[in-house]
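First comes the structure, then the notes that go with it.
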Amino acid sequence: MKTLPQLDFLAGAPRPWGGIALAGLAAVLLAGVAFSSWRIEQDNRQALARLNEQAARLLPPAPRKLSEAERVRLTQAARVAGELRAPWGDLLATFEEHGQGDIGLLKLEPDAKAGVVRITGQARDAKSLFAYLHELEADARLVRVALTTQQLERETPGQPLRFVIQAGWRGAPAAPKEVS
20 MKTLPQLDFL
30 AGAPRPWGGI
40 ALAGLAAVLL
50 AGVAFSSWRI
60 EQDNRQALAR
70 LNEQAARLLP
80 PAPRKLSEAE
90 RVRLTQAARV
100 AGELRAPWGD
110 LLATFEEHGQ
120 GDIGLLKLEP
130 DAKAGVVRIT
140 GQARDAKSLF
150 AYLHELEADA
160 RLVRVALTTQ
170 QLERETPGQP
180 LRFVIQAGWR
190 GAPAAPKEVS
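This is the structure:
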């Protein structure tokens, strides 16, 4: 008779070494992917911080409110700059080239903001004054030429005629903007 194989009902199942190795490999790969994604996130945060820092350096600083003293100084500087842009040399040459000999210029009062100049002077007589006025009106560089006052100076030797002429010039600068 044949002997029957002995059965061990208490013995454990054979170990699935291939499955355990596969699970360990998956855990290692999962840890590697997690570490890689953490490093990429850290690199992205650092790059974003650098970009924000560069953008902050490139952007102009936020405008701040001007104090009253700064506003006054800025307004005065704009007014002076406007006066300096006026063609003063050309204007002076314009007034001097007309009426030679019979006209004496005493004062030029420019107003660059309004684009006008007031000329105070003396003329030998009314004829030379009106000839000078007519020459200024004919000059293409000047506009709105007007005689505003005239007065005979009886106490001055030769009794000259004192006058004030107001004129604008072509291409007068625009008034500077008010600073707020």
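Counting from 1, position 61 in the sequence shown corresponds to residue 80 in our numbering; the numbering is continuous, with no gaps.
Backbone N, C-alpha and C define an ideal beta-carbon position, used for all residues, glycine too.
Being a predicted model, the structure only gives us computed values, none of them experimental.
Judged by pairs of C-beta atoms under 8 Å, the segment 87-103 touches the segment 118-132, as three or more such pairs exist. For the pair V135 and R163, the Cα-to-Cα distance works out to about 9 Å. Ranked by Cα distance from A157, the options W188, E172, K146 and Q141 are led by W188.
Less than 8 Å separates the beta-carbon of V183 from that of I138. Within the DSSP secondary-structure output, Q141 pairs in a beta bridge with G123 and R181.
Straight-line measurement puts the Cα of I59 at about 10 Å from the Cα of Q65. Within the DSSP bridge table, the entry for G187 names V135 and V162 as partners. When beta bridges are read from the DSSP output, L171 appears opposite L180. Residue nearest to L125 within the set L48, A142 and A40 is A142 (criterion: CA-CA distance).
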